[in-house]
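For the sequence shown, counting from 1, position 206 maps to 205 in numbering that gives the first Met the number 0; every step adds exactly one. By construction, the Cβ of each residue, glycine as well, lies at the ideal position given by its N, Cα and C atoms.
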Amino acid sequence: MENFNFYSPTEFVFGKGREMECGALVKKYGGTKVLIHYGSGSVVRSGLLDRVKKSLGEAGVAYVELGGVVPNPRDTKIYEGIELCRKEGVDFILSVGGGSCIDSSKGIAIGVPYDGDFWDFYTRKAEVTTALPIGTVLTIAAAGSEGSPGSVVTKEEGMLKRDVGSDLIRPRFSILNPELTCTLPAYQTACGATDIMAHVFERYFTNTKEVEITDRLCEAVLMTMIKETPRVIAEPSNYEARANIMWAGTVAHNDIVGVGRSQDWNSHMIEHELSGLYDCAHGAGLAVVMPSWMEYVMNHDVMRFAQMAVRVWGCEMNFENPEATAKEGINCFRKFLKSIGMPINFAELGAKEEDIPYLVETLGVGDGVRGGFMELRAEDVTNILKIAVDAKVR
Ligand code: NZQ
Ligand code: ZN
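As structure tokens, this is what we get:
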């Protein structure tokens, strides 16, 4: 195991009705004037926004609001938010929604105190040194942004999706009420589940030896998702299954399952080019990219893939031919994704083979290599995307 620091300072407030505590929590973390930031209307329709306002009002916290965040959140909304916060003297941002809404909130939080263009943080021109505090009321188990130091934003001009990471934008608190996720359409639930599993796989495929504790934690999260996802798709209001998925989503990405080991993240980086270009759901893009990446890199450590097949998917180990076991595990993953309604190839996602050179170019590998479980050159990324073009379940 490698040396590590584990820093997860967010207060997670979990369970039924807990959104009514958001006013008191904002106050606890020093907020006096809040920007309530939300998406394209689900929180209005469900009545959640009204409950949040009521809680803030009861705690005596003033607020302004800005809705309209779209999936794959745009820079343009963040500029609007920064201006509004400055004009209104906002000192705390409360995100009410999913990962897109949280990531937009994080962009605003670092943009308000910064003199330059907030996009500088996403192009590595500037480093985050200060940020407004953030709290979240989460409505979808997926991105893990409620406990992560990351924010992923799309620049509308050119549709380039880029990320920033800083402990300064980890939320002060995140309210996780599984009931709020019961209104999710099956497709969004499945996209979220895919993202959660992908966050674990990015950590599971490691070159670090002797990491039994985190291997086993990863496997537990994956097996939970395999059990609970079909359950919530069949019964959207199953609270217990929603609750297990919601906590799985947070632990999959606050790094508790990934400490002390090298990680990969190439599937994510490749996928961000897809959801940037096609504006598809991040989870759907991952369903197409990640099993294809697995097929391509499998022989880098075939025993690790065989381990996944046996421990996570219940395949039988073929000691004469571990490669066959590894392949079976990857096929189980694709089969599972298909069964929950995810696309598994370019056509099903709405992606085009002729865009592959553009996708590889915008990823920016150039003549270099991307580090990770297996180092990738531009040619490797092209090959992975080619596998994804007509991938199918065997
Ligand atoms: O906008 P509204 O009307 O709220 O509708 C949303 C949106 O259309 C809807 N929705 C959310 N909660 C709902 C609901 N509909 C009904 N009932 C509910 N309870 O679902 C749609 C998707 O929402 P979004 O916030 O986009 O989903 P998600 O949480 O999957 O976030 C995806 C974004 O997070 C980024 C992705 O790249 C993508 O841009 N990621 C962020 C990460 C991070 N910050 O750490 C890591 C991830 O790997 C990921 O890259
Ligand atoms: Zn993700």
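What is the C-beta distance between residue i and residue j, in whole angstroms, given that I count them as a contact (C-beta under 8 Å)?
i, j, result
"L55", "V33", "6 Å"
"A308", "A325", "6 Å"
"G143", "A251", "6 Å"
"A141", "D194", "5 Å"
"K160", "H271", "4 Å"
"E294", "I386", "6 Å"
Using the beta-carbon count (16 or more within 10 Å), is residue i buried or exposed?
i, result
"T135", "buried"
"S236", "exposed"
"A350", "buried"
"Y357", "exposed"
"Y37", "buried"
"R333", "buried"
"A192", "buried"
"N320", "exposed"
"E227", "buried"
"F335", "buried"
"D114", "exposed"
"G146", "buried"
Within 7 Å: the Cβ of residue i and any heavy atom of ligand 1?
i, result
"C100", "yes"
"S165", "no"
"T138", "yes"
"L183", "yes"
"M179", "Looking at the sequence provided, one finds Leu at residue 179 rather than Met. True, at least one ligand heavy atom lies under 7 Å from that Cβ."
"S401", "Nothing about residue 401 can be reported from this structure: the residues present for the chain run from 0 to 393 only."
"V296", "no"
"S104", "no"
"S94", "no"
"N237", "no"
"G29", "no"
"H299", "no"
"C314", "no"
"G191", "yes"
"H36", "no"
"S150", "yes"
For residue i, which residues of its own chain have a beta-carbon under 8 Å away from its beta-carbon, when the five flanking residues on both sides are left out?
i, result
"V127", "I109, F120, V163, S165, L167, I168"
"C181", "P235, S236, Y238, R241"
"D398", "Past the edges of the chain, shown from 0 to 393, lies residue 398, and the structure says nothing about it."
"T122", "R161"
"G365", "A377"
"V25", "V33, L55, A58, V60, F91, L93, G134"
So, for residue i: in the same chain, excluding its five sequence neighbours on each side, which residues have a beta-carbon less than 6 Å away from its beta-carbon?
i, result
"E218", "R310, V311"
"A125", "D119"
"N133", "Note that residue 133 corresponds to Ile in the displayed sequence, not to Asn. Cβ within range, chain order: I92, S104, A108, P170."
"P290", "I329, F332, R333"
"M245", "A140, L175, P177"
"L131", "I92, A108, V111"
"N243", "T223, E227"
"V43", "none"
Hey, is residue i close to ligand 3, as in C-beta under 7 Å from one of its heavy atoms?
i, result
"E239", "You won't find ligand 3 in this model; what it holds is ligand 1 and ligand 2."
Determine whether the Cβ of residue i lies closer than 8 Å to any Cβ atom of chain C.
i, result
"D166", "Among the chains of the structure shown, chain C does not appear; only one protein chain is present."
Leaving out five residues on either side along the sequence, give the residues of the same chain with a beta carbon under 7 Å from the beta carbon of residue i.
i, result
"M316", "A305, V309, T324"
"G106", "I77, F117, S150, V152"
### Query
Using the beta carbon as the reference atom, which residues fall closer than 6 Å to any heavy atom of ligand 2, ordered along the chain?
Going along the chain, the residues that qualify are A142, D194, A197, H198, H267, H281.
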